[in-house]
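Residue numbers for the sequence shown follow my numbering, beginning at 18 and rising by one.
Below is one structure, written out as structure tokens; the observations come after it.
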Amino acid sequence: MIRMIEDKLLNRSQVAEMLGIAEHTLACWRSAGKGPQCVKFGTGRSAAVRYYLSAVEAWVNDPARAEAEAVEPWR
């Protein structure tokens with residue numbers, strides 16, 4: 018998928034704040050294949066994880082995301 022050049026990359030902290038959730042919850046969603054689509058730069062546990070603003074906005078506007086908004090057992 019090609020992204021617009023103007024599309025902004027956000028870090029975990031920024032996305033968690035936008036969504037009103039803990040960063041750990043966002044990481045758990047990512048691990049479970051839920052939540053907004055992300056990109057990893059590098060390999061392994063130390064790889065930088067970023068989210069395109071357009072992907073976060075698309076996820077927020079997706080009715081199917083309700084499943085991922087269940088109670089946060091990770092907090």
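Glycine residues also receive a C-beta, built at the ideal position from the N, C-alpha and C atoms.
As the structure is a prediction and not an experimental result, all values here were calculated from the model.
*Taking only the alpha-carbon atoms, compute the straight-line gap between G50 and D24 and give it to the nearest angstrom.*
Straight through space, the alpha carbons of D24 and G50 are spaced by roughly 22 Å.
*For G59 and A33, the rounded distance between their alpha carbons*: 21 Å
*Roughly how many angstroms lie between the CA atoms of C55 and M35, to the nearest whole one?*
15 Å
*Leaving out the 5 sequence neighbours to the left and right, which residues in its chain are closer than 7 Å to D79 when beta-carbon positions are compared?*
none
*On the DSSP bridge assignment, give the partners of L27 in chain order.*
According to DSSP, residue pairing for L27 in a beta bridge involves Y68.
*Measuring CA to CA, which of Q31, G52, R67 and S48 is closest to A81?*
G52
*asked:* Can you tell me whether A64 is buried or exposed? The criterion is at least 16 other CB atoms within 10 Å of its CB, across all chains shown.
replied: Within a 10 Å sphere around the beta-carbon of A64 sit fewer than 16 other beta-carbons, which makes this residue exposed.
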